[in-house]
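Undergrad: The UniProt record's numbering numbers the first residue of the sequence shown as 1 and each following residue consecutively. C-beta atoms are modelled at their ideal positions from N, C-alpha and C, and glycine is treated no differently. Got a structure for you, written out below as structure tokens; questions coming shortly.
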Amino acid sequence: MTSVSLYWRIFGLNALVLGAATALLLWAPVTVSVPVLLTEAVILVGGMGVMLVANAALLRIGLAPLDRVTRLMATVDLLRPGQRLPVRGGGEVAELVSTFNAMLERLEKERAASSARALLAQEAERRRIAVELHDEVGQSMTAILLALKQVGDEAPAPLRGEIQQVQEITRASLDEVRRLVRRLRPGVLDDLGLVSAVTSLATEFATHTGLRVHRRFGADLPTLDNGTELVIYRVAQESLTNVARHAEARSATVSLYREDDRVVLEVTDDGRGIGAAHEGAGLRGMRERALLIGATLDVTPVARTGTRIRLAVPAVRKQS
Numbered sequence: 001m002t003s004v005s006l007y008w009r010i011f012g013l014n015a016l017v018l019g020a021a022t023a024l025l026l027w028a029p030v031t032v033s034v035p036v037l038l039t040e041a042v043i044l045v046g047g048m049g050v051m052l053v054a055n056a057a058l059l060r061i062g063l064a065p066l067d068r069v070t071r072l073m074a075t076v077d078l079l080r081p082g083q084r085l086p087v088r089g090g091g092e093v094a095e096l097v098s099t100f101n102a103m104l105e106r107l108e109k110e111r112a113a114s115s116a117r118a119l120l121a122q123e124a125e126r127r128r129i130a131v132e133l134h135d136e137v138g139q140s141m142t143a144i145l146l147a148l149k150q151v152g153d154e155a156p157a158p159l160r161g162e163i164q165q166v167q168e169i170t171r172a173s174l175d176e177v178r179r180l181v182r183r184l185r186p187g188v189l190d191d192l193g194l195v196s197a198v199t200s201l202a203t204e205f206a207t208h209t210g211l212r213v214h215r216r217f218g219a220d221l222p223t224l225d226n227g228t229e230l231v232i233y234r235v236a237q238e239s240l241t242n243v244a245r246h247a248e249a250r251s252a253t254v255s256l257y258r259e260d261d262r263v264v265l266e267v268t269d270d271g272r273g274i275g276a277a278h279e280g281a282g283l284r285g286m287r288e289r290a291l292l293i294g295a296t297l298d299v300t301p302v303a304r305t306g307t308r309i310r311l312a313v314p315a316v317r318k319q320s
């Protein structure tokens, strides 16, 4: 059955009301006097009121989906997929809603694909930079340390103290380079697994920021594929970085556990809370990584003060 369009429904209702008014004037004992009598004015005003109410009701019902589309268009975020409008009835309005939902689905898929390509390129670039830092800069600084030690052993006593100071500065710089390499390319993740990598990350974070970092790991964590483990590690890394930069916290807790058919990462702090601030590049980057593996990311305030970042990942086991 072909549905009647909104245009013809409005036109038909107006034609019905005007036709009824015309028939009433033609065949009913209703006349309009000059001057107009009170009863005639009541009939005319009442008829006009009925027509206006009927038109308003039809427009309200017929155009309500357009209002919902407008509100969703103003608030839709492709990093929070699944936002759709219900399709009710038929006609061009229902077709518009269906087309809008299909457009959202297509945009979400395209956004996920483009984000995946960008994140893979970013990880490849990080690996390249880490290798260059390790192989070129790290080895060069190691050679400088060996040369300084040899010079220090042969130098006269008055110069040895200054050479030792240069050695300490070079050694500290080498340690910083190694730390950057670990941040760019978490080799412990490939060698020892996710729990060891997150443990190392939390320990290093506490050492360099002075914050207390508590760790809570479940005992029944499944073995995940490399891409999923990397996303969990990067979200934990970015979450702790946000705590250090913005939260003004004294401590943070990193939890990793299994919940039904999902692996959950939680990073909670006791800082000033997220409030009504807009999400920055860090949080949006985490959402893009979550979409890459079909996970969900929630950022919520905790009791009194602080923020909780929760990443729920489907527990798909590593392919052997």
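Per DSSP, which residues does Ala309 bridge with? Please list them.
TA: Per the sequence shown, residue 309 should be read as Ile rather than Ala. According to DSSP, Ile309 bridges with Val267, Val299.
Undergrad: Using only alpha-carbon positions, find the residue among Asp225, Leu18, Leu59, Ala155 that is nearest to Val263.
TA: Asp225
Undergrad: Taking Arg216 as part of the beta strand (DSSP E), name the residues at either end of that continuous run.
TA: 212 to 217
Undergrad: Within a Cβ cutoff of 8 Å, which residues of the same chain sit near Glu204, ignoring the five residues on either side of it in sequence?
TA: Arg179, Arg182
Undergrad: Would you report the Cα separation of Leu66 and Arg284, rounded to the nearest angstrom?
TA: 29 Å
Undergrad: Please classify Pro186 as buried or exposed, where buried requires at least 16 neighbouring CB atoms within 10 angstroms.
TA: buried
Undergrad: Tell me which residues share the same chain as Gly294 and place their Cβ nearer than 7 Å to its Cβ, disregarding the 5 neighbours each side in the sequence.
TA: Pro314
Undergrad: Less than 8 Å between the C-beta atoms of Gly306 and Thr241, yes or no?
TA: no
Undergrad: Determine the closest residue to Leu148 out of Val131, Ile169, His134, Ile129, with distance taken between C-alpha atoms.
TA: Ile169
Undergrad: Could you tell me the boundaries of the beta strand (DSSP E) in which Arg258 lies?
TA: 251 to 259
Undergrad: What are the start and end residues of each continuous alpha helix (DSSP H) run of 4 or more residues lying completely inside the region 108 to 165, in chain order?
TA: Listed in chain order, they are 139 to 154.
Undergrad: With a 10 Å radius around its C-beta and 16 neighbouring C-beta atoms as the bar for buried, classify Ser98 as buried or exposed.
TA: exposed
Undergrad: Taking contact to mean at least 3 C-beta pairs separated by less than 8 Å, is the region 212 to 219 in contact with the region 196 to 203?
TA: Between the region 212 to 219 and the region 196 to 203, the count of C-beta pairs closer than 8 Å reaches three or more; the two stretches touch.
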